[in-house]
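Participant:
Numbering (the numbering used here), first residue to last: 1097 to 1590.
Encoded structure:
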């Protein structure tokens, strides 16, 4: 589940070699892995292998040789002069069979499959000149592409396009995936990603100190709250969902229902008197209590059995919401939507409020994130979404969920996870309110904030898959039931 940046992958290679693995052996296994994927096509397939000047090109030379030996019709092209090859890549070029032609001279329209071994994860500059023209030609050819490591033009650490980038049908990477395989737009360019074992031992990970993972159950299942047979509802937390004006009250109900479905023992909605009848008429298992202002929220929270508060969905933007959040600062907090917008341009003020919380999760989408951190270039200027989320989490001293199709969960201590299970139909009104509620339900059961946020994001994505195309936000709450059943079964809790 670990994700390695470009520099971390270079370190993994170096540690493997210093531990006795041969660089040539690692390259041979990488090239064979690429050839194995290509060989799923029938014999007689015409394969164009495009090699670059570095080790990625070396992998391509191996793949070309192995495919030729297996009976495939291989045309091998090299970007740049052959005498410019160095090290292991040069050695693999010498082992090759057949003619090596200039990459730009190959008729890509005459082939059936293209293997892109031009540039791998380490690319950190924009492609230009002959390289950019070749990438453009590959995309224009309309042929299936297998990328070696990552599609050429994709930055392995950030997922960004460096000038232009190849769109691959499949990508074969080595040892571990890179952030660029999951972050957009890299994820779109990679197609299906296969991870090949090339002989790098898992033991190198401890020396590297990897801080980024894929958001999947193995990352947080050890902290996931499982109801005990001898337990009762207060053992599972009592969460307060803070509502604002009547006209926006639906968002609060979505969050409250998701909180209860996520396992909280009790949920109470605190709302102005004008909104109370509407909440009460639409909620059955969830209690409703009047709270006109921050003082009303504070009075409710005199009951120490309240373990967490979710505020933002349907709260309204402005000083009143800020005051309500400040009244709840001693509890575990999920801060979303209007509550985030109430601190636009003042993240340090928000951080001072969150400092009193035993655990807080912020769940902004891209627009809310930009407004909250307006005027803070240390947060907004990093190219990588991953690094922006990390910088924001450090600044506010809380776990931050930067939402999107490539949601990033970041903790103040530098840990981060990237989600990759959200289907496109999850982008619908109210879905974020449901996510805030799931976070609150887990946080209210005393799950640590980072793991709670990561689990909530994964559950949210799985619920969307369960509900299927055409879902509306209400469907997500009900779809959590079968998702929970499968998760509990996998954990041995059923």
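Ideal Cβ placement from N, Cα and C applies to all residues, glycine included. A quick note: this is a predicted structure, and the numbers were derived from the prediction, not measured.
#1: Does the segment 1368-1378 come close enough to the segment 1394-1406 to have 3 or more Cβ pairs within less than 8 Å?
#2: Quick check: what's the CA-CA separation for residue 1251 versus residue 1105?
#3: Can you tell me which of the three DSSP states residue 1212 falls into?
#4: Among residues of its own chain, excluding the 5 on either side of residue 1624, which ones have a beta-carbon nearer than 6 Å to its beta-carbon?
#5: Report the rounded CA-to-CA distance for residue 1345 versus residue 1530, giving the unit in angstroms.
#6: Run through DSSP, which three-state label would residue 1105 get?
#7: Please say whether residue 1314 and residue 1289 have beta carbons closer to each other than 8 Å?
#8: From the DSSP output, which residues share a beta bridge with residue 1308?
#9: Spatial neighbours of residue 1184 within its chain, please: C-beta separation below 8 Å, excluding the five flanking residues on both sides.
#10: Quick one: complete beta strand (DSSP E) runs, 3+ long, within the segment 1263-1344?
#11: Pull up the CB-CB distance for residue 1587 and residue 1317, whole angstroms please, since I reckon it's below 8 Å.
#12: Does residue 1224 pass the burial test, meaning 16 or more other C-beta atoms within 10 Å, or should it be called exposed?
#13: Evaluate contact between the segment 1383-1391 and the segment 1432-1449, counting only Cβ atoms and requiring at least three cross-stretch pairs below 8 Å.
#14: Would you give the residue range spanned by the beta strand (DSSP E) that residue 1242 belongs to?
#15: Counting Cβ pairs, one atom from each stretch, are 3 or more of them under 8 Å apart for the segment 1500-1507 and the segment 1472-1490?
#16: Do the segment 1347-1356 and the segment 1514-1534 make contact, defined as three or more Cβ pairs closer than 8 Å?
#17: Restricting to Cα atoms, I'd like to know which of 1135, 1108, 1328 and 1156 is closest to residue 1302.
#18: At a cut of 8 Å, does the segment 1515-1522 reach the segment 1326-1345 through at least three beta carbon pairs?
#19: Given a cut-off of 8 Å, decide if residue 1335 and residue 1370 are closer than it, judged by their beta-carbon atoms.
#20: With distances taken Cα to Cα, identify the nearest neighbour of residue 1412 among 1294, 1497 and 1432.
#21: Roughly how many whole angstroms lie between the Cα atoms of residue 1217 and residue 1348?
#22: In chain order, what are the residue ranges of uninterrupted beta strand (DSSP E) at least 3 long that sit wholly in the segment 1384-1465?
#23: Can you check which of these residues, 1112, 1285 and 1308, is closest to residue 1294 by C-alpha distance?
#24: What are the start and end residues of the beta strand (DSSP E) that includes residue 1174?
#25: Judging by CA-CA distance, which residue of 1146, 1101, 1158 and 1110 is the nearest neighbour of residue 1127?
#26: Do residue 1462 and residue 1435 have their C-beta atoms closer together than 8 Å?
#27: Going by DSSP, which residues form a beta bridge with residue 1504?
#28: What's the call for residue 1459, buried or exposed, on a 16-neighbour Cβ count within 10 Å?
#29: What is the DSSP secondary structure of residue 1147, reduced to helix, strand or coil?
#30: Below 7 Å CB to CB, which residues in the same chain sit around residue 1298 once its five sequence neighbours on both sides are set aside?
#31: Could you round the C-beta distance between residue 1085 and residue 1213 to whole angstroms and report it? I think they count as a contact, below 8 Å.
#32: CB residue 1502 to CB residue 1278, shorter than 8 Å?
#33: In three-state terms, what does DSSP make of residue 1355?
#34: Below 6 Å CB to CB, which residues in the same chain sit around residue 1228 once its five sequence neighbours on both sides are set aside?
#35: With 16 other CB atoms within 10 Å as the buried threshold, where does residue 1464 fall?
#36: Quick check on residue 1103: buried or exposed, where buried means 16 or more other Cβ atoms within 10 Å of its Cβ?
Facilitator: Concretely, from the data shown:
#1: Counting Cβ pairs under 8 Å, fewer than three are found: no touch.
#2: Going from the Cα of residue 1251 to the Cα of residue 1105 covers about 13 Å.
#3: strand
#4: Any answer about residue 1624 is impossible in this case: the structure gives the chain only from 1097 up to 1590.
#5: 13 Å
#6: Assignment of residue 1105 by DSSP, reduced to helix, strand and coil, places it in the helix class.
#7: no
#8: 1512
#9: Here the set comprises 1119, 1120, 1123, 1151 and 1154.
#10: 1266-1270, 1288-1292, 1308-1310 and 1334-1338
#11: Indeed they touch by this definition, with Cβ atoms about 6 Å apart.
#12: Under a 10 Å Cβ-count criterion, residue 1224 is classified as exposed, with fewer than 16 other Cβ atoms of the shown protein chains found around its own Cβ.
#13: no
#14: 1241-1244
#15: yes
#16: yes
#17: 1108
#18: no
#19: no
#20: 1432
#21: So the alpha carbons of these two residues sit roughly 43 Å apart.
#22: 1402-1407, 1428-1431 and 1456-1458
#23: Looking from the CA of residue 1294, the closest CA among 1112, 1285 and 1308 belongs to 1112.
#24: 1169-1174
#25: 1158
#26: no
#27: 1498 and 1514
#28: buried
#29: Correct three-state label for residue 1147: strand.
#30: none
#31: The structure shown does not extend to residue 1085, since the chain is modelled only from 1097 through 1590, so no value can be given for it.
#32: Yes, they are a contact pair.
#33: helix
#34: Cβ-Cβ distances below 6 Å link residue 1228 to 1259 and 1260 in the same chain, with the five nearest sequence neighbours on each side left out; the list follows chain order.
#35: buried
#36: The residue is exposed, with fewer than 16 neighbouring Cβ atoms inside 10 Å.
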